[in-house]
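Below is one structure; the comments refer to it alone.
There are 2 protein chains.
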Amino acid sequence: MEVKSVTCVAPVNIAVIKYWGKTNEKLIIPLNDSLSGTLHTDHMCAKTTVAISSRFTKDRIWLNGKEESLDNPRLVACITEVKDRARNSGKLTEEELQWNVHICSENNFRLAAGSSVIGRLVYSLSSFFLLSVFFSVYALATLYKIDGDISAIARRGSGSACRSIYGGFVQWITGTNPNGTDSIAEQIVPASHWPEMRVLILVVSDSRKKISSTSGMQRSCETSELLKHRVAKCVPERMTEITKAILKKDFETFAKITMQDSNQFHAVGLDTFPPCVYMNDVSHGIANLIHTINRIAGRTLAAYTYDAGPNACLYLLEKDVPSVLAAVNYFFPTDRPKGEYYRGLNVDVTSVPKELAEVKDLAQWPDNNALRYIIHTKIGEGPQIVSETLLNSDGLPKRLA
Amino acid sequence: MEVKSVTCVAPVNIAVIKYWGKTNEKLIIPLNDSLSGTLHTDHMCAKTTVAISSRFTKDRIWLNGKEESLDNPRLVACITEVKDRARNSGKLTEEELQWNVHICSENNFRLAAGSSVIGRLVYSLSSFFLLSVFFSVYALATLYKIDGDISAIARRGSGSACRSIYGGFVQWITGTNPNGTDSIAEQIVPASHWPEMRVLILVVSDSRKKISSTSGMQRSCETSELLKHRVAKCVPERMTEITKAILKKDFETFAKITMQDSNQFHAVGLDTFPPCVYMNDVSHGIANLIHTINRIAGRTLAAYTYDAGPNACLYLLEKDVPSVLAAVNYFFPTDRPKGEYYRGLNVDVTSVPKELAEVKDLAQWPDNNALRYIIHTKIGEGPQIVSETLLNSDGLPKRLA
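So the sequence lines, in the order shown, correspond to chains A and E.
Once you know that position 86 of the first sequence is 86 in full-length UniProt numbering, the rest is easy, because the numbers rise by one and skip nothing.
Once you know that position 303 of the second sequence is 303 in full-length UniProt numbering, the rest is easy, because the numbers rise by one and skip nothing.
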């Protein structure tokens, strides 16, 4: 049996200018431009194998070893569009284009962190299913030998995931074409431009049921007056300013805009009716700590940003990782085993500066389990094709849940 | 020794359209109109005696039995303005106008609830000192026989307190005069217009250090883009709509605007840099509960509103108090003694509706002490002159701390 397959490893990204709201729900055309850093795949990534064969009797998908239904309209839209583009390029035969597709996707963060964390961690509550659509698109595009931009296809899987098509810092521009063809991701700088940039992800304990970002966005568009002002005035100015800051490696400006935009995104959530509340007391406690350490240092050591969930993502420079982590550890103490608590890049944690431990109005968090764990990572490259495959020679998952 | 004195009892108010930001810090001229309900003095009030005498050697002030410094510029401004107005009216002799003033103020909520609660409860973090300036102004105006509007003087003591000069529902209009003379409070309807209106104040446990509303407002004016849009567009529309709703006794509309405006005020706080966060997880949990019971009932049972602190104030109609309180008690259980926990008007708490106890995604709050106590009150009248005095015949407090 002939099986043609491609496997890719794809990164996640953390937005510094947030995407919130669509002008077209079906085509996933965003209300405003957004911008993110792509994280290194060493510490968080998804691996996806896509395969086609004349013997496959139907399209099938397995996520983390469990078969899922393929009747999701977003996935169907992506597969259809990939095939249409492939047909136009003429690199596959019409027969091959008729073959059914098998998709198998696994993520290391999910395996490492429990089933629901990735959703909240990186893409909020868009399900891993939708993420996998994006991961599949990259692999499918390779398999079907598609040239040119594929972020417009990936976008239809999971909006913000389309920025993961490139490494470094990436913008997703809204475009002006009503059919969404120019709503695409573009790389601003590769990862090598700002090699000192680091990211700490503080995974916050939380048990509340959350509003999915898809329905939260819809609700904001319908009810938030402030969202209109954000889209019309604030985001365009910030996109220009933060792009300049990234090009100049001006961390102070980058950090300030990052924090302001995160705050404004959550402000719009609160202005929504009923409100969409994603940050919790621990999230706000971390933000307050970051403002405090920046004030005491007399310069900006770190910037926080929060997606549609309580976890804090800190952007900071390599030289400041030890002291920021020391402050986090001092004010959010943990009793979890060190090997389980710290993940990703190694780091030597210095002791917390005396002046910080003595700050009035900043007390150690009373609960030793406010943070579940911390991932230390950096900016990395976009998706990569790898040789190891998740499907066996029959096109079935090597590993089942 | 001749001592002329006046004692007044003055109410507190809870805004439904929030005041946030000034165009003139010194004159306390607000960025936008605001609107509040005045609460009945039976359950929360401050009593203030002001006295003048030829024998008083200097101006003095006692708050809750403790002498405080009189060098606060707001208080000095108020006393000066009262005397100027009195001089113009000619009802006191020039000699009497030269006499020094003694002010003594006590509040029942503070005595009942611990020193810091009233600040957060009613006027956020404006101190009781500033509140007392307002209370003093009313009594001083009576003592000095001032005619006409005195809210413009009271405003200079504590901005939002000026609305407490009237009972019922009261608006504070920004005015257009740069000197603030037309930035005054006006009654929309007296308490008798909507006698079914009730207020539940859920006092939320909290230990965080807060940003004072004075400095929070300044910071918002300097850094929040969204505040501009709120002031220019959202508040004027809401003032018109909620006034109509109050006149028509249209609770659904009144409640929706109240909740939206509270949310928007906190959204602006979050959009401020660094952010001003006043609500906590319990506050958001209460808001979520209110949305849920309203949804299940198919109509609006209650509206929440939050000032610059975590306490929830619920506006609701008399007929719905038992079921709303039942829901609050079920989802925020307490182990405090009933007599200490429930304050104000009596109420029979019905059992929580079965369909509510079974709502998915709505769990009982894990901490039995999330709420400190609950005040049940209603809309009441403005300040009243009473005969009982807080000062003895020497003009000194009868009760010292």
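All C-beta atoms, glycine included, are put in the ideal place defined by N, C-alpha and C.
- Task: Rounded to whole angstroms, what's the CA-CA distance from Pro-397 (chain E) to Ser-105 (chain E)? Just pull it up for me.
- Result: In this structure, the CA atom of Pro-397 (chain E) is about 9 angstroms from the CA atom of Ser-105 (chain E).
- Query: According to the neighbour-count rule (16 or more other Cβ atoms, all chains shown, within 10 Å of its Cβ), is Ile-17 (chain E) buried or exposed?
  - Reply: For Ile-17 (chain E), the number of other beta carbons within 10 angstroms of its own is at least 16, and it is reported as buried.
- Task: Kindly indicate which residue of A:Gly-395, A:Gly-339, A:Trp-365 has the alpha-carbon position closest to the one of Ile-375 (chain A).
- Result: When only C-alpha atoms are compared, the closest one is A:Gly-339.
- Item | Extent of the continuous beta strand (DSSP E) run through Phe-169 (chain E) | Start and end: 169-172.
- Task: Output the residue ranges of the beta strand (DSSP E) runs that lie fully inside the stretch 7-37 of chain E and measure 3 residues or longer, sorted by chain position.
- Result: The stretch 7-37 of chain E contains these whole beta strand (DSSP E) runs: 13-17, 22-24.
- Task: Output yes or no for whether 8 angstroms exceeds the beta carbon distance between Ala-10 (chain A) and Thr-48 (chain A).
- Result: Inclusion of Ala-10 (chain A) and Thr-48 (chain A) in the CB contact set at 8 angstroms is warranted, their separation being smaller than that value.
- Is the beta carbon of Tyr-144 (chain A) sitting closer than 8 angstroms to the one on Val-82 (chain A)? Taking 8 angstroms as the Cβ cut-off, Tyr-144 (chain A) and Val-82 (chain A) qualify as a contacting pair.
- Ala-287 (chain A) (DSSP reduced to helix, strand or coil): DSSP places Ala-287 (chain A) in the helix class (H, G or I) of the three-state scheme.
- Message: In whole angstroms, give me the CA-to-CA distance for Phe-135 (chain E) and Thr-142 (chain E).
- Response: When only Cα atoms are considered, Phe-135 (chain E) and Thr-142 (chain E) end up about 11 angstroms apart.
- Message: Taking 8 angstroms as the threshold (beta carbon to beta carbon), is Glu-340 (chain A) in contact with chain E?
- Response: Answer no: the Cβ-Cβ gap between Glu-340 (chain A) and chain E never drops below 8 angstroms.
- Option nearest Gly-285 (chain E) by Cα separation, candidates E:Ala-152, E:Glu-94, E:Asp-361: Ranking E:Ala-152, E:Glu-94, E:Asp-361 by Cα distance to Gly-285 (chain E) puts E:Asp-361 first.
- Considering only residues of the same chain and omitting the five flanking positions on each side of Asp-33 (chain E), which have a CB-CB separation below 8 angstroms? Excluding positions up to five away in sequence, the list reads Ile-17, Gln-171, Trp-172, Ile-173, Thr-174, Val-235, Pro-236, Met-239.
- Query: For the beta strand (DSSP E) that Tyr-304 (chain E) lies in, which residues bound it at each end?
  - Reply: Residues 302-305.
- Query: Between the C-alpha atoms of Ala-113 (chain A) and Glu-381 (chain A), what's the straight-line distance to the nearest angstrom?
  - Reply: Confidence at Ala-113 (chain A) is low in this model, with a pLDDT of 36, below 50, so the placement of that residue is unreliable and no value is reported for it.
- Message: Only counting the same chain, and skipping five residues up and downstream in sequence, which positions put a Cβ closer than 6 angstroms to that of Ile-290 (chain A)?
- Response: The residues are Ala-302, Tyr-304.
- Message: Just verifying my parser: in three-state terms, what is the DSSP assignment at His-43 (chain E)?
- Response: Correct three-state label for His-43 (chain E): coil.
- Asn-288 (chain A) versus Met-279 (chain E): straight-line alpha-carbon distance, rounded: Looking at the backbone, the Cα of Asn-288 (chain A) and that of Met-279 (chain E) are separated by about 14 angstroms.
- Member of A:Phe-169, A:Pro-30, A:Asp-348, A:Arg-299 whose CA lies at the smallest distance from the CA of Ser-220 (chain A): Of A:Phe-169, A:Pro-30, A:Asp-348, A:Arg-299, the residue nearest in Cα terms is A:Pro-30.
- Among residues of its own chain, excluding the 5 on either side of Leu-92 (chain A), which ones have a beta-carbon nearer than 8 angstroms to its beta-carbon? Within the same chain, Cβ atoms closer than 8 angstroms to the Cβ of Leu-92 (chain A) are found at Ala-86, Tyr-144, Lys-145, the five residues on either side in sequence being excluded.
- Under 8 angstroms by Cβ, that's how I've got Tyr-315 (chain E) and Val-199 (chain E) pegged, so tell me the actual separation to the nearest angstrom. So it is a contact: roughly 6 angstroms between Cβ atoms.
- Query: Residues in its own chain within less than 7 angstroms of residue 405 (chain E) by CB, not counting five upstream and five downstream?
  - Reply: Residue numbering for chain E in the displayed model covers 1 to 401; residue 405 (chain E) lies beyond these limits and cannot be assessed.
- Task: Determine the DSSP secondary structure at Met-279 (chain A), reduced to helix, strand or coil.
- Result: DSSP places Met-279 (chain A) in coil when its eight states are reduced to three.
- Close Cβ partners of Val-268 (chain A) (< 7 angstroms) along its chain, the five nearest in sequence each way excluded: So the list reads Trp-20, Ser-220, Ser-224, Leu-226, Leu-227, Arg-230, once near-sequence residues are dropped.
- Task: Please list, in chain order, all residues of the same chain as Thr-253 (chain E) whose beta carbon is under 6 angstroms from its beta carbon, the five residues on each side excluded.
- Result: Excluding residues within five positions, the ones whose Cβ falls inside 6 angstroms are Ala-245.
- For Gln-260 (chain E): DSSP bridge partner residues: Listed as beta-bridge partners of Gln-260 (chain E) by DSSP are no residues whatsoever.
- Tell me whether Thr-80 (chain E) is buried or exposed, calling it buried when 16 or more other Cβ atoms sit within 10 Å of its Cβ. With fewer than 16 other Cβ atoms within 10 Å, it is exposed.
- Check whether the Cβ of Lys-233 (chain A) lies closer than 8 angstroms to any Cβ atom in chain E. Judged by the 8 angstroms Cβ criterion, Lys-233 (chain A) is in contact with chain E.
- Query: Along chain A, which residues have their Cβ under 8 angstroms away from the Cβ of Ala-312 (chain E)?
  - Reply: Here the premise fails: no neighbours, minimum Cβ distance about 13 angstroms.
- Message: Please report the straight-line C-alpha distance between Pro-195 (chain E) and Trp-62 (chain E), rounded to a whole angstrom.
- Response: Approximately 36 angstroms, taken between the alpha carbons.
- Query: At least one CB of chain A closer than 8 angstroms to the CB of Glu-225 (chain E): is that the case?
  - Reply: Cβ-Cβ to chain A under 8 angstroms: yes for Glu-225 (chain E).
- Could you name the residues of chain E that Asn-280 (chain A) contacts, counting a contact when the two beta carbons are closer than 7 angstroms? Near Asn-280 (chain A) (Cβ distances below 7 angstroms), the residues of chain E are Asp-281.
- Message: Strictly under 8 angstroms for the Cβ-Cβ distance: is Ala-267 (chain E) near chain A by that measure?
- Response: Yes - at least one Cβ of chain A is within 8 angstroms of the one on Ala-267 (chain E).
- Query: Name the chain E residues that come within less than 9 angstroms of Ala-287 (chain A), Cβ to Cβ?
  - Reply: Neighbours of Ala-287 (chain A) in chain E, taken as residues at a C-beta separation under 9 angstroms, are given in chain order as Pro-274, Pro-275, Val-277.
- Item | Whole-number beta carbon distance between Trp-99 (chain A) and Phe-56 (chain A), since they are thought to touch under 8 angstroms | At roughly 6 angstroms, the Cβ-Cβ gap stays under 8 angstroms, so Phe-56 (chain A) and Trp-99 (chain A) are in contact.
- Query: Cys-8 (chain A) and Val-386 (chain A): beta carbons closer than 8 angstroms?
  - Reply: Their beta carbons are under 8 angstroms apart, which means Cys-8 (chain A) touches Val-386 (chain A) by this criterion.
- Item | Nonlocal neighbours in the same chain, by C-beta distance under 7 angstroms from Ser-115 (chain E), ignoring five residues either side | Because Ser-115 (chain E) sits at a pLDDT of 34, beneath the cut-off of 50, its placement in the model cannot be relied upon, and the point is left open.
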